[in-house]
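Encoded as structure tokens, the structure appears first; notes follow it.
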Amino acid sequence: MNPEEETQSPVALLIVEDQGMVRTFFERLFAQGSRFSVMGSTRSGEEALLKLEAYQPDVALVDLQLPGMDGLEFVSLARQLRPQLRVLIVSSRIDPLALTRIRESGVEGYLEKDGSPEELIEALGTVAEGRHYYSEKFKENLARQGKKAQGLGQV
112 MNPEEETQSP VALLIVEDQG MVRTFFERLF AQGSRFSVMG STRSGEEALL
162 KLEAYQPDVA LVDLQLPGMD GLEFVSLARQ LRPQLRVLIV SSRIDPLALT
212 RIRESGVEGY LEKDGSPEEL IEALGTVAEG RHYYSEKFKE NLARQGKKAQ
262 GLGQV
């Protein structure tokens with residue numbers, strides 16, 4: 112860890128994930144380091160919206176497929192309440208329509224859930240710094256759809 116990271120206050124993190132095992136893994140992963148402080152975790156977008164003001168997160172780690180409103184609907188509503196919120200979307204599967212919706216949503220990043228914990232930490236750190244992080248798989252899928260991957264940041 113460099114000296115700058117030691118003196119910076121932790122990044123306030125909100126986790127929005129409906130699967131209990133995955134949510135617990137995320138909580139434990141980000142509790143291990145000093146860079147992030149898990150302010151809270153919720154099972155749904157609706158629950159997260161209700162707690163957004165109390166948690167005051169800098170960054171949200173949001174599952175794409177949630178019960179009720181999906182992750183992108185949550186992001187749209189959350190940014191009305193907290194415009195500076197940065198978001199990393201995670202998902203176990205992605206279809207062509209979701210690719211387009213993610214790209215057009217303005218979220219700062221996307222990562223598949225089959226990535227490594229190290230990649231997740233890197234992706235969330237990149238998003239927390241105000242930069243974009245889109246997985247190679249995401250960019251490849253966009254290219255297959257004939258969309259340009261320009262402006263999606265570096266991986």
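Per the numbering used here, the very first residue in the sequence shown carries number 112; after that it's consecutive. Beta carbons: idealized from backbone N, C-alpha and C, even for Gly.
- Message: I need the straight-line Cα distance from arginine 146 to methionine 132, nearest angstrom please.
- Response: Linking arginine 146 to methionine 132 through their CA atoms gives a straight-line distance of about 22 Å.
- Drop a sphere of 10 angstroms on the beta-carbon of alanine 142, count the other beta-carbons inside from all chains shown, and report buried for 16 or more, exposed for fewer. Exposed: under 16 other Cβ atoms inside 10 Å.
- Query: When the distance is taken between beta carbons, is leucine 199 closer than 8 Å to glycine 220?
  - Reply: Yes, these two residues count as a Cβ contact at 8 Å.
- Cβ-Cβ distance between leucine 175 and leucine 188 below 8 Å: No. Outside cutoff.
- Message: In the DSSP assignment, the alpha helix (DSSP H) including methionine 150 goes from what residue to what residue?
- Response: It is not in any alpha helix (DSSP H) - methionine 150 instead sits in the beta strand (DSSP E) that spans 147-153.
- Looking at C-alpha atoms only, which residue of Arg139, Glu138, Arg154, Asp206 is the closest neighbour of aspartate 129? Of Arg139, Glu138, Arg154, Asp206, the residue nearest in Cα terms is Arg154.
- Query: In three-state terms, what does DSSP make of arginine 242?
  - Reply: Residue state, collapsed to three classes: coil.
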